[in-house]
Amino acid sequence: KSDVYSFGVILWELATMQQPWGNLNPAQVVAAVGFKNKRLEIPRDLNPNVAAIIEACWANEPWKRPSFASIMDSLTPLIKAPVTQPSRADMPLLT
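Reminder that position 23 of the sequence shown reads as 23 in full-length UniProt numbering, one-by-one numbering, no gaps.
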């Protein structure tokens, strides 16, 4: 279940475009997360569904963390269809 925790960190990185624990060295990260139960701050303006997934991935007890199948079930409805740009052939000519 450490992979699920790590996936939560990756989601946090994607959502915030920040480096996690950027001000700490690896030993300090282990101490903060493993011994002090510190977690990264989730922005208030983040989609609440994404925030809930991240928080679930970071549950203190590994057995309380979701499976990847459950994570995918939660993420799938949040995926938006890509916006396609019209091709030049589809664009009207200005005359």
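Cβ coordinates follow ideal geometry from the N, Cα and C atoms, glycine included. Predicted model, so just to flag it, every value in this text is computed and none were measured.
- For W12, the uninterrupted alpha helix (DSSP H) run begins and ends at S2 to T16, by DSSP.
- The Cβ-Cβ distance between I71 and I54 does not fall below 8 Å.
- Sixteen is the threshold: since fewer than 16 other Cβ atoms of the shown chains lie within 10 Å of the Cβ of G22, the residue is exposed.
- Look at I42 here: in three-state DSSP terms it is coil, with no helix or strand label.
- Between V50 and L78, the C-beta gap is smaller than 8 Å, which places the two residues in contact.
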